[in-house]
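Chemist: Protein sequences, first through last, are from chains R and Y. Position 193 of the first sequence, counted from 1, bears residue number 193 in my numbering, the numbering being contiguous throughout. Position 73 of the second sequence, counted from 1, bears residue number 523 in my numbering, the numbering being contiguous throughout. Quick one: the structure is below, and I'll ask about it shortly.
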Amino acid sequence: MALVRVQGLTYRHPDAEAPALDGVSLEVQPGELVCVLGPSGSGKSTLLRALAGLVPHFHGGAFAGRVEIGGIDTRTTRPSELAGVVASVFQDPEDQVVFSQVENEVEFGLENIGVPPEEIRGRAAAALESVGAAHLAGRPTPEISAGELQRVCLASALALGPELLLLDEPTSQLDPDGARALFELLGELQLAVVISEQRPSLPLEYCDRVVFLEGGRVLLDAPRDDAVRWLARNRPAYVETAPEARAGEEVDGEVVSLLDDVSFSYGGETGVESTSLRVRRREIVALTGPNGSGKTTLAKLAAGLLEPGLGRVERTGRAAYLSQDPGRYVVAERVDEEVALGIGGDLQRARRALGLVGLDGLESRHPRDLSSGERERVALASVLVTAPDLLILDEPTRGMDPDRKSALAALLRDGAGRRATLVVTHDVAFAAEVADRVVSLARRREAVHA
Amino acid sequence: MSPVPAAALLGGLAAAALLADRTVSVAVIALLLLAVCMRAPRRRRWPYLVGTLASGLVLFLFSPLLGSYGGVVYWEGPSIPVVGVLDVTSTELGEALFQGLRLAAVGLAFAAYALLLDHDRLLQAGGRLRRSVLAIALATRLVPTLERDAAGYVEALRGRGVEVSGLRGGARLLSPLLAGSLERSLNLAESMEARGFGRPGRTRAPRPAWRRIDRLAVAAAVLLVFGGAVWL
Numbered sequence: 001m002a003l004v005r006v007q008g009l010t011y012r013h014p015d016a017e018a019p020a021l022d023g024v025s026l027e028v029q030p031g032e033l034v035c036v037l038g039p040s041g042s043g044k045s046t047l048l049r050a051l052a053g054l055v056p057h058f059h060g061g062a063f064a065g066r067v068e069i070g071g072i073d074t075r076t077t078r079p080s081e082l083a084g085v086v087a088s089v090f091q092d093p094e095d096q097v098v099f100s101q102v103e104n105e106v107e108f109g110l111e112n113i114g115v116p117p118e119e120i121r122g123r124a125a126a127a128l129e130s131v132g133a134a135h136l137a138g139r140p141t142p143e144i145s146a147g148e149l150q151r152v153c154l155a156s157a158l159a160l161g162p163e164l165l166l167l168d169e170p171t172s173q174l175d176p177d178g179a180r181a182l183f184e185l186l187g188e189l190q191l192a193v194v195i196s197e198q199r200p201s202l203p204l205e206y207c208d209r210v211v212f213l214e215g216g217r218v219l220l221d222a223p224r225d226d227a228v229r230w231l232a233r234n235r236p237a238y239v240e241t242a243p244e245a246r247a248g249e250e251v252d253g254e255v256v257s258l259l260d261d262v263s264f265s266y267g268g269e270t271g272v273e274s275t276s277l278r279v280r281r282r283e284i285v286a287l288t289g290p291n292g293s294g295k296t297t298l299a300k301l302a303a304g305l306l307e308p309g310l311g312r313v314e315r316t317g318r319a320a321y322l323s324q325d326p327g328r329y330v331v332a333e334r335v336d337e338e339v340a341l342g343i344g345g346d347l348q349r350a351r352r353a354l355g356l357v358g359l360d361g362l363e364s365r366h367p368r369d370l371s372s373g374e375r376e377r378v379a380l381a382s383v384l385v386t387a388p389d390l391l392i393l394d395e396p397t398r399g400m401d402p403d404r405k406s407a408l409a410a411l412l413r414d415g416a417g418r419r420a421t422l423v424v425t426h427d428v429a430f431a432a433e434v435a436d437r438v439v440s441l442a443r444r445r446e447a448v449h450a
Numbered sequence: 451m452s453p454v455p456a457a458a459l460l461g462g463l464a465a466a467a468l469l470a471d472r473t474v475s476v477a478v479i480a481l482l483l484l485a486v487c488m489r490a491p492r493r494r495r496w497p498y499l500v501g502t503l504a505s506g507l508v509l510f511l512f513s514p515l516l517g518s519y520g521g522v523v524y525w526e527g528p529s530i531p532v533v534g535v536l537d538v539t540s541t542e543l544g545e546a547l548f549q550g551l552r553l554a555a556v557g558l559a560f561a562a563y564a565l566l567l568d569h570d571r572l573l574q575a576g577g578r579l580r581r582s583v584l585a586i587a588l589a590t591r592l593v594p595t596l597e598r599d600a601a602g603y604v605e606a607l608r609g610r611g612v613e614v615s616g617l618r619g620g621a622r623l624l625s626p627l628l629a630g631s632l633e634r635s636l637n638l639a640e641s642m643e644a645r646g647f648g649r650p651g652r653t654r655a656p657r658p659a660w661r662r663i664d665r666l667a668v669a670a671a672v673l674l675v676f677g678g679a680v681w682l
């Protein structure tokens, strides 16, 4: 018997004109790992929220059809009553954390669902252990990295012992090794998992079934092998092949950014140590490495946002830095004004930059009214418009669908001749697609050039 | 020390500062609380200390100009409509020092609460008041969260070559900070609901029992309130 049964689900957000989900029907069997793919705004996150009962109870809007989890109708059951049967981990771990200590965070859900007090500590510890985060117990949540926080959120969900686990882009903050470890863990769990992802290579390796959404409708619901064949035919960007190395000619432009033996620490904690990096005009350098290796710190040093404690930083011309968090590009009241902030309010140039990233027609909207994918592109336009000599992008593909990623790679390659570009990324395929050179940072070690 | 007795002790010190009549008593309480706050990491404590001490200083500097307590006149300025003659007298300076220290002491007690207490355990001790204590705990975390958000906005602007400085620059960030807080609170509420918050029949993880020092702290808090009203 199916654990999840969705029949003719149509849902429209309050004040939205078009439905986010349109006639969706699917089933999930116990123990099945189902991957939901689709472009930004296709309804993946909304579907996960419907399975958790948060749509419509928490979000309101117009809901038609039926969603049953283990025979429980989500329309007649509050999401809090479903907790324990269903557990969710949302996109942004920072927005989910209630407590300031890791173990208290994991215990929170157990207390809410009425687990006997004598079992709470043990179950929380076991959940942390299962996601490889036992060492984080006792640590303050504000002081751990985003990747570690994502593990804590996963532990909080697993501690509930759910039958259905819902994961919304769980690898967005993880390095490739961390992401693979997560999927191996999911494969070992004896529970149904529905996972929404924008980096499809790992999910396609581990999942049992693929659901492809577009415009709120299910275009494909098939076992993995059939789905991979369908994707290769119809949506080839989702079937990532082994990255092809770009032609290895060394770029001989002037050195725009030079970091020579730099070190930086946050308080007493080392950010980077004795690291050197050089980026030339017309060159795109991808900076990769595991969580906590200091990629972002190095990028900020190159951009001049941080001053090194030791070593030398030299830069020719103007630098622009794109932050990891697109939520930081919502200072102005209109999208075009936001983009024009860095160019003295020149709205004509701002609108041209918006056109470059495919946001024509959204100029007068408030940046906060845009989807997360659209916000990413506003942020990108905000730095591209400044026409910098050194462009630094920190995790620019986070939350971006494969088609949009290819478009970004093409955009960066098109403009590469005018500037030096440094891209910080966990996305190995994107790095291979866009970069002339990849620099890998080991944890607290010098850069290894490749 | 457990967080409930520690919170009671800080509350007792704040109450004593408010009830005390002598400047030296309030000064000792303020210095004691300042020493406690200095135990917090430097990066976290400075906004609290600057905010609290600056507020006390502003009160000390401006209240003599507006008060009229008589005494030896040290300085006399122009007469302003409604306010009257601006002057500074010995009595006004003494009163200003007293009120400035009192404000600083109360602010430092809050700073110590925000910086050093384990709010999670305080929340767990809330019992029937858990919802109210949760609201207070989340509100307390708002300050560092806003601080982090503000730093993020400034960094994103600097990354585009826009420098944020002065009151006007800071004011530009108020609206996004407020909107961001509201957005974050909605996300948090959604996450809490998905984790069963508000469902009947909740339980509590076992908590460590109070030790002797905890009982002493509560007794000291009561004594401080009483002493503030009668002796200090």
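Even glycine gets a Cβ: it sits at the ideal position worked out from N, Cα and C. Just so you know, these numbers come straight off a predicted model, no measurement behind them.
Go ahead and pull the three-state DSSP assignment for Asp168 (chain R).
Modeler: For the purposes of this step, residue 168 (chain R) is identified with residue 168 of the first sequence, where counting begins at 1. Of the three classes helix, strand and coil, the one that applies to Asp168 (chain R) here is strand, per DSSP.
Chemist: Could you pull out every residue in the same chain whose Cβ sits closer than 6 angstroms to the Cβ of Phe212 (chain R), ignoring the five residues on either side in sequence?
Modeler: By 1-based counting over the first sequence, the position of residue 212 (chain R) is 212. So the list reads Leu37, Gly38, Leu219 and Leu220, once near-sequence residues are dropped.
Chemist: Can you tell which of R:Arg398, R:Val339, R:Arg413 and R:Val438 has the C-alpha that lies nearest to the C-alpha of Pro170 (chain R)?
Modeler: Within the first sequence, the letter at position 170 stands for residue 170 (chain R). Comparing Cα-Cα distances from Pro170 (chain R) to each of R:Arg398, R:Val339, R:Arg413 and R:Val438, the minimum goes to R:Arg398.
Chemist: Taking three-plus beta-carbon pairs below 8 angstroms as touching, is the segment 633–647 of chain Y in contact with the segment 410–429 of chain R?
Modeler: No, because fewer than three Cβ pairs between the segment 633–647 of chain Y and the segment 410–429 of chain R fall closer than 8 angstroms, the two stretches do not touch.
Chemist: When you compare each of Y:Gly616, Y:Ala587, Y:Pro626 and Y:Val583 to Gly602 (chain Y) by their alpha carbons, which one comes out closest?
Modeler: The residue labelled residue 602 (chain Y) in the question sits at position 152 within the second sequence. Ranking Y:Gly616, Y:Ala587, Y:Pro626 and Y:Val583 by Cα distance to Gly602 (chain Y) puts Y:Pro626 first.
Chemist: Let me know the secondary structure DSSP gives Gly534 (chain Y) once reduced to three states.
Modeler: Position 84 of the second sequence, counted from the first residue, corresponds to residue 534 (chain Y). Gly534 (chain Y): strand per DSSP, three-state reduction.
Chemist: For Leu165 (chain R) versus Ala155 (chain R), is the C-beta spacing smaller than 8 angstroms?
Modeler: In the first sequence, counting from the first residue as 1, residue 165 (chain R) sits at position 165. In the first sequence, counting from the first residue as 1, residue 155 (chain R) sits at position 155. Not a contact, by the Cβ cut-off of 8 angstroms.
Chemist: Whole angstroms is fine: what's the gap from Leu507 (chain Y)'s alpha carbon to Leu551 (chain Y)'s?
Modeler: Counting from one through the second sequence, the residue named residue 507 (chain Y) turns up at place 57. Counting from one through the second sequence, the residue named residue 551 (chain Y) turns up at place 101. Rounded to the nearest angstrom, the two C-alpha atoms are 8 angstroms apart.
Chemist: Spell out whether any CB of chain Y is found under 8 angstroms from the CB atom of Gln101 (chain R).
Modeler: Counting from 1 along the first sequence, the entry for residue 101 (chain R) is found at position 101. So, interface residue.
Chemist: Once you ignore the five residues that flank Ala409 (chain R) on each side, which residues in its own chain have a CB closer than 8 angstroms to its CB?
Modeler: Counted from its first residue, the first sequence places residue 409 (chain R) at position 409. Counting only Cβ-Cβ distances below 8 angstroms, and skipping sequence neighbours, we find Phe430, Glu433 and Val434.
Chemist: Where does the unbroken alpha helix (DSSP H) through Val251 (chain R) begin, and where does it stop?
Modeler: Working through the first sequence from its first residue, we reach residue 251 (chain R) at position 251. Where Val251 (chain R) is concerned, there is no enclosing alpha helix (DSSP H), given that its DSSP letter is neither H nor E.
Chemist: What number of angstroms, rounded off, separates the C-alpha of Ser468 (chain R) from the C-alpha of Ala125 (chain R)?
Modeler: The requested residue 468 (chain R) is not part of the displayed model; chain R covers only 1 to 450.
Chemist: Alpha carbons only, please: which of R:Gly345, R:Glu68, R:Arg375 and R:Val438 is nearest the one belonging to Gly358 (chain R)?
Modeler: Within the first sequence, the letter at position 358 stands for residue 358 (chain R). Checked all of R:Gly345, R:Glu68, R:Arg375 and R:Val438; the closest Cα to Gly358 (chain R) is R:Arg375.
Chemist: So, does the CB of Ala83 (chain R) fall closer than 8 angstroms to a CB anywhere in chain Y?
Modeler: Counting from 1 along the first sequence, the entry for residue 83 (chain R) is found at position 83. Output row for Ala83 (chain R): interface = yes.
Chemist: Are there 16 or more other CB atoms within 10 angstroms of the CB of Pro656 (chain Y), so buried, or fewer, so exposed?
Modeler: On the second sequence, position 206 is the one that residue 656 (chain Y) refers to. Exposed: under 16 other Cβ atoms inside 10 Å.
Chemist: Taking DSSP's pairing of strands, which residues face Thr473 (chain Y) in a bridge?
Modeler: In the second sequence, counting from the first residue as 1, residue 473 (chain Y) sits at position 23. The partner list for Thr473 (chain Y) (beta bridge, DSSP) is empty, contrary to what the question assumes.
Chemist: For a test of the three-state rule: what should DSSP assign to Glu446 (chain R), helix, strand or coil?
Modeler: By one-based count along the first sequence, residue 446 (chain R) stands at place 446. For Glu446 (chain R), the predicted model reports a pLDDT of 44, less than 50, meaning its position is unreliable and no value from the coordinates is stated.
Chemist: Does the beta-carbon of Val448 (chain R) have 16 or more other beta-carbons within 10 angstroms, so that it is buried, or is it exposed?
Modeler: Translated into positions along the first sequence, residue 448 (chain R) becomes position 448. Because the pLDDT at Val448 (chain R) is just 48, under 50, the model does not fix this residue reliably, and the value given afterwards should be weighed accordingly. When all chains shown are included, Val448 (chain R) counts as exposed.
Chemist: What residues from chain R crowd round Gly602 (chain Y), counting only those whose CB sits closer than 9 angstroms?
Modeler: Position 152 of the second sequence, counting from 1, holds the residue named residue 602 (chain Y). Ser323, Asp325, Gly327 and Arg328, listed in chain order.
Chemist: Below 8 angstroms, how does it come out for the segment 455–465 of chain Y and the segment 303–311 of chain R: are there three or more Cβ pairs, yes or no?
Modeler: No, they do not touch.
Chemist: Looking at chain R, is there any beta carbon in it that lies within less than 8 angstroms of the beta carbon of Ser518 (chain Y)?
Modeler: Mapped onto the second sequence, residue 518 (chain Y) falls at position 68. False, the Cβ-Cβ gap to chain R never drops below 8 angstroms.
Chemist: With respect to the alpha helix (DSSP H) encompassing Asp336 (chain R), which residues constitute its N-terminal and C-terminal limits?
Modeler: As a first step, residue 336 (chain R) is located in the first sequence; it is residue number 336 there, counting from the start. That run of the alpha helix (DSSP H) goes Val335 to Ala340.
Chemist: In angstroms, rounded to a whole number, what distance separates the CA positions of Glu446 (chain R) and Ser276 (chain R)?
Modeler: For the purposes of this step, residue 446 (chain R) is taken as residue 446 along the first sequence, with counting starting at 1. For the purposes of this step, residue 276 (chain R) is taken as residue 276 along the first sequence, with counting starting at 1. Summary for Glu446 (chain R): the model assigns pLDDT 44, below 50, so the residue's position carries little reliability, and this model does not support an answer.
Chemist: Can you confirm whether Ala555 (chain Y), when its beta carbon is compared against all beta carbons of chain R, has any partner nearer than 8 angstroms?
Modeler: Here residue 555 (chain Y) refers to the residue found at position 105 when the second sequence is read from its first residue. It does not: the Cβ of Ala555 (chain Y) has no partner Cβ on chain R nearer than 8 angstroms.
Chemist: Anything in the segment 382–401 of chain R with a Cβ closer than 7 angstroms to a Cβ of chain Y? List those residues in chain order, please.
Modeler: If the cut-off is 7 angstroms between Cβ atoms, the segment 382–401 of chain R has Ser382, Val383 and Thr386 near chain Y.
Chemist: Do the CB positions of Glu197 (chain R) and Thr141 (chain R) come within less than 8 angstroms of each other?
Modeler: The count along the first sequence starts at 1 and reaches residue 197 (chain R) at position 197. The count along the first sequence starts at 1 and reaches residue 141 (chain R) at position 141. No, they are not a contact pair.
Chemist: Here's the rule: buried if 16 or more other CB atoms are within 10 angstroms of the residue's CB, otherwise exposed. What is His135 (chain R)?
Modeler: Numbered from its first residue, the first sequence carries residue 135 (chain R) at position 135. Result: exposed.
Chemist: Can you tell me the Cα-Cα spacing of Thr10 (chain R) and Gln91 (chain R), whole angstroms?
Modeler: Residue numbering aside, residue 10 (chain R) sits at position 10 when the first sequence is read from its first letter. Residue numbering aside, residue 91 (chain R) sits at position 91 when the first sequence is read from its first letter. So the alpha carbons of these two residues sit roughly 23 angstroms apart.
Chemist: With distances taken from CA atoms, which of Y:Arg591, Y:Met451 and Y:Arg649 is nearest Ala83 (chain R)?
Modeler: Start at 1 with the first residue of the first sequence, and residue 83 (chain R) comes out as number 83. Of Y:Arg591, Y:Met451 and Y:Arg649, the residue nearest in Cα terms is Y:Arg649.
Chemist: Quick check: Leu54 (chain R) and Glu643 (chain Y), are their CB atoms within less than 8 angstroms of each other?
Modeler: For the purposes of this step, residue 54 (chain R) is identified with residue 54 of the first sequence, where counting begins at 1. For the purposes of this step, residue 643 (chain Y) is identified with residue 193 of the second sequence, where counting begins at 1. The answer is yes: Cβ separation under 8 angstroms.
Chemist: Could you have a look at Pro14 (chain R) and say whether DSSP puts it in helix, strand or coil?
Modeler: In the first sequence, residue 14 (chain R) corresponds to position 14, counting from 1. Coil.
Chemist: Is the Cβ-Cβ distance between Leu509 (chain Y) and Gln549 (chain Y) less than 8 angstroms?
Modeler: Position 59 of the second sequence, counted from the first residue, corresponds to residue 509 (chain Y). Position 99 of the second sequence, counted from the first residue, corresponds to residue 549 (chain Y). For Leu509 (chain Y) and Gln549 (chain Y), yes; Cβs fall inside 8 angstroms.
Chemist: Quick check: Val207 (chain R) and Val34 (chain R), are their CB atoms within less than 8 angstroms of each other?
Modeler: Reading the first sequence from its first residue, position 207 is the one you call residue 207 (chain R). Reading the first sequence from its first residue, position 34 is the one you call residue 34 (chain R). Checking the sequence shown, residue 207 (chain R) turns out to be Cys, not Val. Yes, these two residues count as a Cβ contact at 8 angstroms.
Chemist: Grouping DSSP H, G and I as helix and E and B as strand, with all else coil, what is Thr421 (chain R)?
Modeler: Taking the first sequence and counting its residues from 1, one reaches residue 421 (chain R) at position 421. Strand at Thr421 (chain R).
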